[in-house]
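Participant: Residues 42 to 1198 (our numbering) make up the sequence shown, in order. Don't be surprised by glycine CBs; every beta carbon is placed ideally from N, CA and C. The structure displayed is predicted, hence computed values, not measured ones. Structure below; questions to follow.
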Amino acid sequence: MFALQATQSLDAQAEPLRRPFNENIVFNYGFDNNYGSGSCRDFNCGGYCYSGHTGTDHAMVVGTNILAGADGTVAAINNSCADYGSFGNTCGGRCGNYVRIRHADGQTTIYCHMKLNSLTVAVGQAVSCGQKVGQSASSGSSTGPHLHVGWSTNGVSRDLYRGSCTSSPGTWRQQNGYREAVGTSCGCVPSPEVCDGKDNNCNGEVDEGDVCEIDALTQAPASYAPARTSDVNGDGLQDACGRFAEGWACYLATGLGFGEKIQTNLMSDASGWGAAAHYATIRMGDVDGDGLADVCARHSTKGYQCWRSTGTDFEHYGDAPGYTNAEGWNRPEFYTTFRLVDIDGDGRDDVCARGPQGWSCQLSTGTGFGEHVVGPTWSDASGFGRAQYYGTIRTGDLNGDGKQDVCIRRIAGFDCFLSTGRGFERFALNEHFSNAGGWSDMKYWSSLRLVDFDGDGRDDVCARFSGGIRCLRSTETGFGEDLVAIAALSDASGWSDPTNHMTLRTGDVNGDGAQDFCVRANAGMRCYGLDGTESFSLAGPEWSDASGWDKPQHYHTVALTDIDPDRRRDLCARASAGLVCARASDEGFVRVSNLGAFTNAQGWSDPKYYSTLRLGSGVCRPEQCNGFDDDCDGVIDNGQPGEMGLTRPAIAARLVEAILPEQAVAGSIVVASVRFLNEGREAWAARAVHLEAVANDAQLIEALRPATGWPQPDMAATLMAAVAPGEVGEWSFSLRVPEDAGVFDRVLFVLSTDDGPISCPAPSVSLRLGITTDDGSGNNNNNNNNNGNGNNDNNNNGGGNPELDAGELDAARSPGSSVQTTSTSSCAMSGAAGPGGSWPALLALLGLLGLRRRWRDKARLLALGLLIFAVGCEASKEPVQPVQSAATNQQAGALVANDFADHSARINSPAPRQIAVYGTWQLLARPTALLPNSDAPPSFKVELRRDGEPVSWPLGDELISTAVFVPSAQDFDEPPSLAVRTPNGRLLHVDIKSGSASELDDQIGLLISVAANGCCLSYMRGEMGMQMELRVVRLADGAVQSIALDENAWAPAISPDGTRVIYVSATPSGNASIVVRELGAAATSQVLVEDARIFPTGPQPPFWTEQGIAFTSEHGVYLLDPSGRLIGQNLEANGLLVDLNDGRFVDVDGQSVTWSK
């Protein structure tokens, strides 16, 4: 995969391996790429593995020939274990009989669980690829005959397979498909070149051509052709859409997350859309200009197909002809170049792409596609058929005329053309981006963006240079000469890594109208931009490497989108468990509820799905009354937009009528009444909506306020009864008639809530009436449009407060309608959507009040409780499934010999067993279900008892592999503690008295030994067959002594006083030797038995007591003196434990063990 390039570059010359056997057997359990930190995850994000597994298991019959995977030298062998071990058997460091080979590249392979005396090689011997090195069996820690193959560098194991859920480059010469047997050839097997750090086509070159570039372009269209809109229901929020196996689907944004799903059967796998030449062409845009996001993609025979959104579904819109396979459009140099862009400024997105002859477009007509517009001749013949050129096609509005222009990189630089609506004209060639300047390298050219970074309405050219992100301003005639520095994302700081630079996204995150830049650092997302002339940076979600975000199925899906009404761009991306998003806010990025869709469990780790995830960047449009900042000016519903959006704001009001006398004497008091329709989503509570007077001069309001006053100096009336959405509310108040009729022109009455003025669609009214003096003369300028016969056109019915009839109410409620208001008196009124005179100043004041309201609304949303989750790259939750290949099924009867079956029936019995004992304390265990034909470690559910009664166990339901009681070194009457090894190799110290547990180490071997005085623990550390480190932990202070060993070793036992350790070690000749080592500064060792035939193998730990070293072997239980001499044995005992409280020897059933000579 493309994401592995950084790792693969280190392993480009790694020795490739063939299958180490001739039989056509697939692996049954693979490497755990979660490294024991949770549910296992194999290389393909599946569950064919088990927690902590560091190799690959293949079930096979005993006696199968095992072959060297590649040329090399034998580094180590062990030939001392019985053919049939059991789970928990530590012989050979759990690996049983093995061969370890070092290859010319310094890496090693190891082959475990082989048959005793079958090894055909010796240490130091050169071996060739395919040479037999021994035969298979089930020695060591094994639940059935199988071969464990491990691959490591400097002692660190890695997955033999490459895939989307591993950072390993893999090492199989011919990997083949998932759950298929790997190849057996030792030579190069020609296959199509892919981006994997290998020479697939056997021509001596690695990843040549554009294979890695094509991977990037097919997997990450969100980086170079982001959707301008994915708002499929027109509510102003960007929805989350993508192609599932069953077809195209969208989840509707709610403002706080995602809700309803729209599912179709369009573009399903069953219809053939699972090929990159199809799914990589999916684009979203508005092809019919109705404000809803549509979807288009290339069909093999029907051309470029488009489906328009209806708000609840998708229906066929039209097919742009051409673009078929027969015309060559199944080639990536063509199909990756599709764009949906409006090149003629008519509000409908057109279809454009680069074909064999160059760039061209088909104009959308509203019902399909029509006129063909020819653009620049960026043909293959002119050299544009390389990814470094066609992969840089970018569209944007360079001159601010509303038409989308187009640019491409050529040898000499970045070449841009302006759209005329019916063609394209040369704009400018920018030589900063030439091949001579190094821009043929994908780490640079892939970052080219057309983006308005300074907010002047023209898109500029920005990209990541070797020293960081720089921009060149677009001017009326070309581009400026000065590079504007945005962020120091330099190569020297590691930004040449594709897991970082490929995540560059642009959008306005701070709401200033200028586009900013967000990109993923190793620790998480970071955003950069200019705040005026000063640069700023902002920390985003912690989508870190450590959480798995360095995988392409995650980082390629990063999107700057808009999932809430504020028009600041938010961040979303796909995690293993679904879509995670964080809203941009004053406080930074705030997590919202994650969407449990687009998950690994649904197959979305595959590029044919994750590369189709679309979240629109959002488009600016004329403001509507919908609770959103449609025109991207930072203010919601500003300017009192009269047109209702598809989504209604929580609070909205439309003027219905105003009632007051036709004329009144100056200085008299009249009663006015205004009525507003509730067009919002929420009811108006009684006493919560007020009619406020707004003016630039407080004296103007005072001129209208009667002596008896209003509820507040600038509040004329308060709503007295609740009003539901769709109903009409009324505000009545007293009004003093001013001497000057011009006062009415300068005072606006506005509906307001406690949070501020209502924004739209018509929440205000200006009042007018004729003014007379006491002598009857008039001094007003009434604009009531009198018809000349004394009757006013306002259709006065003599007073009262009539309700709207049904037709008028329906018209008032309909989105986008313009309500015709009526008056029941000779007064004049006007809604403030378009006032003249001094109203612009008042509207500016309202704009400031609206801005103030915007921040309060935002705070209210947060106070209502955005669900905030800490979401990371969870592991796949797929359960481990026992697997048998066809070959395994045929051989099932031969897999387990009778003696092994008898041994397993005893050792692996589901009955509870005693695994540790100390005085009246017991630790009982029940084994969980075994994975057949594997080296999965023991996994027990345990119960702690004292005097036969259960007591609280600090680890609860956590599974363990082994445990030993640790006597208190200070007071033997105190409750003991325990040393516990978990199945994933962690060493825990469990304190029974306090009920706590602390982790002391990890990656330890199976067995732990405790000194009888309780001072210390000893154990081996390292992976299977490579346990080459002895560690001793002093429990009093946690001090650790680490001793490097020359050979693989196992089963340590520490002396009662904690000064010596005895253990088993493999020898260069393959035998097992017994070694004693003094601890302390000298740490000298002595071989007690050179070729031991009886030695500890577990599954119980050995104990060094005053009577000798007691241990379990493959043949029985034994007692050695400190010189290595056998002094006792019991061939019938069912395991062996030592009670360090009183020195008793017991078996796992609690029966006493006695010794015979």
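What number of angstroms, rounded off, separates the C-alpha of S1206 from the C-alpha of S121?
Facilitator: A query on residue 1206 cannot be resolved here, the shown segment of the chain reaching from 42 to 1198 and no further.
Participant: Please classify D390: is it buried, with 16 or more other beta-carbons within 10 angstroms of its beta-carbon, or exposed?
Facilitator: That one is buried.
Participant: Can you check which of these residues, W419, Y152, C291, is closest to I303 by C-alpha distance?
Facilitator: It is C291.
Participant: State buried or exposed for A885, treating a residue as buried only when at least 16 other CB atoms are found within 10 Å of its CB.
Facilitator: Any reading at A885 is ruled out, since the residue's pLDDT is 43, under 50, leaving its predicted position unreliable.
Participant: Just how far apart, CA to CA, sit V336 and R284?
Facilitator: Approximately 11 Å, taken between the alpha carbons.
Participant: Less than 8 Å between the CB atoms is what I'm expecting for P1024 and L1000, so what's the real figure, rounded?
Facilitator: Confirmed, Cβ separation roughly 6 Å.
Participant: Taking the straight line between their C-alpha atoms, what separation do you get for A782 and C393?
Facilitator: Those two C-alpha atoms are separated by around 60 Å.
Participant: Counting Cβ pairs, one atom from each stretch, are 3 or more of them under 8 Å apart for the segment 140-160 and the segment 96-114?
Facilitator: Enough Cβ pairs lie closer than 8 Å, so yes.
Participant: Quick one: what does DSSP say P417 is sitting in, helix, strand or coil?
Facilitator: Correct three-state label for P417: coil.
Participant: Note the first and the last residue of the continuous beta strand (DSSP E) segment covering S1037.
Facilitator: Note, S1037: beta strand (DSSP E), 1037-1042.
Participant: Since A555 and F494 are thought to touch, with beta carbons under 8 Å apart, how far apart are those beta carbons, to the nearest angstrom?
Facilitator: About 6 Å separates the two Cβ atoms, so the contact holds.
Participant: Check I1001 in the structure and name its three-state DSSP category.
Facilitator: The answer is strand: DSSP assigns I1001 an E or B state.
Participant: Going by beta-carbon coordinates alone, are G770 and W725 separated by less than 8 Å?
Facilitator: Yes, Cβ-Cβ distance for G770 and W725 is below 8 Å.
Participant: Measure the Cβ-Cβ separation of C90 and G1066 and say whether it is below 8 Å.
Facilitator: It is not a contact, given that the beta carbons lie outside the stated cut-off.
Participant: Alpha carbon to alpha carbon, how far is Q1141 from W994?
Facilitator: The alpha-carbon atoms of Q1141 and W994 are separated by roughly 21 Å.
Participant: Can you tell me the Cα-Cα spacing of G344 and A428, whole angstroms?
Facilitator: Roughly 23 Å separates the two Cα atoms.
Participant: Quickly, what does DSSP pair S401 with across the bridge? List them, please.
Facilitator: Answer by DSSP bridge pairing, in chain order: A394, V415.
Participant: What do you reckon, are the CB atoms on S515 and R499 nearer than 8 Å?
Facilitator: Yes.
Participant: If you run the structure through DSSP and keep just helix, strand and coil, what is Q1141?
Facilitator: Coil.
Participant: For T95, which residues in the same chain have their Cβ closer than 7 Å to its Cβ, ignoring the five residues on either side in sequence?
Facilitator: Closer than 7 Å at the Cβ level, and outside the excluded window around T95, lie F72, G191, S198, E1064, M1065.
Participant: Take G668 and list the residues in its own chain whose beta-carbon comes closer than 6 Å to its own, dropping the five residues that flank it on each side.
Facilitator: Excluding residues within five positions, the ones whose Cβ falls inside 6 Å are P606, P690.
Participant: Could you say if the segment 439-450 and the segment 276-283 meet the contact criterion of at least three C-beta pairs nearer than 8 Å?
Facilitator: Because the criterion of three Cβ pairs below 8 Å is not met, the segment 439-450 and the segment 276-283 do not touch.
Participant: Can you round the beta-carbon distance between S401 and V415 to whole angstroms, since I take them to be within the 8 Å contact cut?
Facilitator: Indeed, because the Cβ distance is near 5 Å, the residues count as touching under 8 Å.
Participant: When burial is assigned at 16 or more other CB atoms within 10 Å of the CB, is G396 buried or exposed?
Facilitator: Buried, since its Cβ has 16 or more Cβ neighbours within 10 Å.
Participant: What residues match up with I710 in a beta bridge as DSSP calls it?
Facilitator: R777, per the DSSP bridge assignment.
Participant: With C-beta atoms as the reference, is F717 less than 8 Å away from V697?
Facilitator: Cβ atoms of F717 and V697: closer than 8 Å.
Participant: Check whether the segment 961-976 touches the segment 164-176, taking contact to mean three or more Cβ pairs, one atom from each stretch, closer than 8 Å.
Facilitator: No: the two stretches stay apart, fewer than three of their Cβ pairs being nearer than 8 Å.
Participant: List in chain order: all unbroken beta strand (DSSP E) runs of 3+ residues lying wholly within the segment 697-765.
Facilitator: Those beta strand (DSSP E) runs which fall completely within the segment 697-765 and span 3+ residues are 704-706, 710-719, 730-735, 756-759.
Participant: Could you name the residues of the same chain whose beta carbon sits closer than 6 Å to that of G181, not counting the 5 residues immediately before and after it, in chain order?
Facilitator: Taken in chain order, the residues that qualify are C122, G126, N130, C132, G133, R135, C136, G137, H154.
Participant: Excluding the 5 residues flanking F62 on each side, which residues of the same chain have their C-beta closer than 8 Å to its C-beta?
Facilitator: H99, M101, T105, N106, I107, L108, S177, L188.
Participant: To the nearest angstrom, how far is it from the Cα of F465 to the Cα of S420?
Facilitator: Each residue's alpha carbon lies about 16 Å from the other.
Participant: Quick check: the segment 641-654 against the segment 312-324, are there 3 or more CB pairs under 8 Å?
Facilitator: Result yes; three or more Cβ-Cβ pairs closer than 8 Å.
Participant: Could you spell out where the beta strand (DSSP E) holding D456 opens and where it closes?
Facilitator: Start and end: 454-460.
Participant: From the DSSP output, which residues share a beta bridge with I449?
Facilitator: In the DSSP output, where bridge partners are listed per residue, I449 has D456.
Participant: Check C666 in the structure and name its three-state DSSP category.
Facilitator: Looking at C666 - three-state DSSP - the assignment turns out to be strand.
Participant: Assign Y89 to one of three DSSP states: helix, strand, or coil.
Facilitator: Note: Y89 maps to coil in three-state DSSP.
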